[in-house]
Amino acid sequence: MRRVDLCLSTEGSEVVLATSSDDKHPPENMIDGNPETFWTTTGMFPQEFIICFHKHVKIEKLIIQSYLVQTLRIEKSTSKEPAGFELWVEKDLVHTEGQLQNEEIVARDGYATYLRFIIVSAFDHFASVHSISAEGIVVSSLS
67 MRRVDLCLST EGSEVVLATS SDDKHPPENM IDGNPETFWT TTGMFPQEFI
117 ICFHKHVKIE KLIIQSYLVQ TLRIEKSTSK EPAGFELWVE KDLVHTEGQL
167 QNEEIVARDG YATYLRFIIV SAFDHFASVH SISAEGIVVS SLS
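The numbering of the sequence shown is the numbering used here, which starts it at 67 and goes up by one.
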């Protein structure tokens, strides 16, 4: 089985919900594979977004590049619809002044069809997510 970045839009993934959107920095930027683009919150927390894989996947490692995110909660679902989420990971990130936060999470029980990312709090009024990468394999299609 081929290991791929399951979150890339070119692999069929899609951001199906985001609680804030800026025309210059839309949520799709997180999964476009371009290191120059990002999604930004528009203030107030928590903020969240949901990524749909459109297939059953097994995530082995998750890499999040962000800026000013303080507490991040990640929930997963194996449903055909974005429902039935369960807590998967919750982390307090380190404040990196003037640099991107690079958070690498080795996944346990990483089976999912959807991931919900909740930015519980931030180090400032705004935060940004530059990329979400999920290394893993496709288990099956959603049929």
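For each residue, glycine too, the CB sits at the ideal point set by N, CA and C. This one's a predicted model, so the numbers in the text were calculated from it and none came from an experiment.
Inter-residue spacing [alpha-carbon to alpha-carbon] between residue i and residue j
i    : j    : result
V205 : V160 : 33 Å
D88  : E126 : 31 Å
T179 : S143 : 6 Å
H91  : T103 : 7 Å
S197 : H191 : 20 Å
T109 : V82  : The residue you asked about is not Thr; residue 109 is Gly in the sequence shown. Computed Cα separation, rounded: 20 Å.
Y177 : N168 : 23 Å
S145 : P112 : 24 Å
Three-state secondary structure assigned by DSSP to residue i
i   : result
S79 : coil
R69 : coil
Proximity winner among the options, relative to residue i (alpha-carbon distances)
i    : options                   : result
E94  : F115, G109 and T108       : F115
L208 : S79, T85, K90 and H120    : H120
D175 : L153, E169 and F189       : L153
V186 : Q136, A84, F104 and E102  : Q136
L166 : S75, M110, H122 and S132  : S132
K124 : T106, A173 and H196       : A173
L128 : E163, F183, H191 and T103 : F183
R139 : D158, S86, E147 and R69   : D158
I130 : S79, I203, M96 and E80    : M96
L181 : E80, R69 and N100         : E80
E147 : S75, I117, S86 and G78    : I117
G99  : T76, S86 and N168         : T76
V78  : S86, W105, H122 and E156  : The sequence shown places Gly at residue 78, rather than the Val named in the question. Closest option to G78, Cα to Cα, is H122.
Short Cβ contact (9 Å threshold) for residue i with residue j
i    : j    : result
A84  : L134 : no
S194 : T107 : yes
D71  : E201 : yes
E141 : F151 : yes
Every unbroken beta strand (DSSP E) within the region 86 to 166, with a cutoff of 3 residues, ordered by chain:
113 to 133, 135 to 143 and 152 to 158
Give the list of continuous alpha helix (DSSP H) stretches no shorter than 4 residues that lie fully inside the region 163 to 208.
Every candidate alpha helix (DSSP H) stretch fails here, since none sits fully inside the region 163 to 208 while reaching 4 residues.
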